[in-house]
Amino acid sequence: MAAKPSGLGKGLDALLGGANSQVKNVVANRAGVSEIALAKITPNPDQPRKTFDEVALQELADSIKELDVLQPITVREIGVNSYQIISGERRYRASKLAGKESIPAYVRKADDQKLLIMGLVENLQREDLDPIEIAQSYQRLIEEGGLTQEMLGKKVGKNHATIANSLRLLKLPPEIQTGLINGDISEGHAKVLLSLSDENQQKEVYSEIIDKGLSVRATEELVKRKKEATSSKSSKSHHKTQNQKEIQTKLEKKLNAKVSLNISSKGNGKISIAFKDANQMNAIVALLDKIQ
Numbered sequence: 000m001a002a003k004p005s006g007l008g009k010g011l012d013a014l015l016g017g018a019n020s021q022v023k024n025v026v027a028n029r030a031g032v033s034e035i036a037l038a039k040i041t042p043n044p045d046q047p048r049k050t051f052d053e054v055a056l057q058e059l060a061d062s063i064k065e066l067d068v069l070q071p072i073t074v075r076e077i078g079v080n081s082y083q084i085i086s087g088e089r090r091y092r093a094s095k096l097a098g099k100e101s102i103p104a105y106v107r108k109a110d111d112q113k114l115l116i117m118g119l120v121e122n123l124q125r126e127d128l129d130p131i132e133i134a135q136s137y138q139r140l141i142e143e144g145g146l147t148q149e150m151l152g153k154k155v156g157k158n159h160a161t162i163a164n165s166l167r168l169l170k171l172p173p174e175i176q177t178g179l180i181n182g183d184i185s186e187g188h189a190k191v192l193l194s195l196s197d198e199n200q201q202k203e204v205y206s207e208i209i210d211k212g213l214s215v216r217a218t219e220e221l222v223k224r225k226k227e228a229t230s231s232k233s234s235k236s237h238h239k240t241q242n243q244k245e246i247q248t249k250l251e252k253k254l255n256a257k258v259s260l261n262i263s264s265k266g267n268g269k270i271s272i273a274f275k276d277a278n279q280m281n282a283i284v285a286l287l288d289k290i291q
């Protein structure tokens, strides 16, 4: 009887009783999988993920050194012995870090539109994208993939409301989107900010969230107070305009021109007189000169 390996001091392969080598063969023997040289593969420029966690990437590279790539990537052939990644760029990058020369891959035939849809949908399902990357992917699938929100929802397993709320995040000012990408605020914060129609108010509240470390609940209370203040100010402004309407109308008749009368809550304000050409301007000036 042949002696069994002691299992001590032989590394992972010995400790697992040869399981390491068996794991490596699982992918190689899987039907439909090809081993393709990394040098013949290029990333997909339409990949929704733009940044990769370097620490997590190195950890995956270390795992690949020991166990190889367990889940094949998916590529399409774009030329003779030339391939482009549809999904699996993280495994591709980690394999290069691990010093591998090739990677197991499924090879699919796809035109550019199908490639876009396949790549974005697969990444949305498998990758840990931030909320803005997800929203951007949804937007591209709708605009470039020719999908409706309903069709998109079926492909990614999300309801219509989820898709719509995600797309609304792209309406936020750029600095707030960046804060969401960096994790400075949560998606819950962002949804509360979207309830404000004024971009300047969105920025003001965003600054308070960052400066004071406001929770989503506290942000909701702050936004509620701002809305109430805005509503009150608007109501007062409308009331004043009604009271001034007669004066404004009288000025327009006297000057034969469009007049805007604006008064602030402090009592100061301005009168604006519009004219369409130099002749009308001169006529207005002449009328003003007659005022004693």
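By the count of numbering that gives the first Met the number 0, the sequence shown reaches residue 291 at its end, each step adding exactly one.
Glycine included, every Cβ here is placed at the ideal spot set by N, Cα and C.
Note that the structure is predicted; figures quoted are calculated from it, not measured.
Between which two residues does the beta strand (DSSP E) carrying residue i extend?
i           : result
leucine 260 : 257-262
lysine 269  : 268-273
valine 106  : 101-107
valine 32   : 32-36
serine 81   : 81-86
Grab me the residues of residue i's own chain with a C-beta within less than 7 Å of its C-beta, minus the 5 sequence neighbours each way, in chain order.
i                 : result
glutamate 100     : Ala36, Leu37
alanine 60        : Ala93, Leu96, Ala97
glycine 187       : Val215
isoleucine 116    : Leu140, Gly144
histidine 159     : Gln148, Glu149, Gly152
phenylalanine 51  : Arg89, Arg92
phenylalanine 274 : Ala256, Met280, Ile283
alanine 163       : Gln148
asparagine 24     : Below a pLDDT of 50, predicted positions are generally treated as unreliable, and asparagine 24, at 42, falls in that range; the measurement from the model is reported next regardless. Cβ within range, chain order: n/a, list empty.
Name the two residues that bound the continuous alpha helix (DSSP H) containing residue i.
i           : result
proline 71  : That residue, proline 71, is in no alpha helix (DSSP H); it is neither H nor E in DSSP.
serine 206  : 198-211
serine 194  : Premise fails: serine 194 is in no alpha helix (DSSP H) and is neither H nor E.
proline 173 : 173-181
alanine 163 : 159-167
Take residue i and list the residues in its own chain whose beta-carbon comes closer than 8 Å to its own, dropping the five residues that flank it on each side.
i              : result
lysine 202     : Pro172, Glu174, Ile175
asparagine 221 : In the sequence on display, residue 221 carries leucine and not asparagine. So the qualifying residues of the chain are Val204, Glu207, Leu213.
leucine 128    : Pro47, Arg48, Asn122, Ser136
threonine 147  : Ile141
valine 120     : Leu140, Lys154, Val155
aspartate 288  : none
Helix, strand or coil: how does DSSP classify residue i here?
i              : result
threonine 147  : coil
glycine 187    : helix
glycine 78     : strand
threonine 50   : coil
isoleucine 133 : helix
isoleucine 290 : coil
Ignore the nearest five residues each way along the sequence and tell me which others in residue i's own chain have a CB closer than 6 Å to its CB.
i              : result
valine 258     : Gln247, Leu250, Glu251, Ile272
isoleucine 270 : Leu260
With a cut-off of 8 Å, do at least 3 Cβ pairs link the region 92-107 to the region 65-79?
Short answer: they touch.
Cβ pair count under 8 Å reaching 3, the region 193-209 against the region 156-172
Result yes; three or more Cβ-Cβ pairs closer than 8 Å.
Are the region 146-162 and the region 178-185 in contact at 8 Å, needing three or more beta carbon pairs?
No, the region 146-162 does not touch the region 178-185.
Does the pairing of the region 247-257 with the region 210-228 give three or more beta-carbon distances under 8 Å?
With fewer than three CB-CB distances shorter than 8 Å, the region 247-257 does not count as touching the region 210-228.
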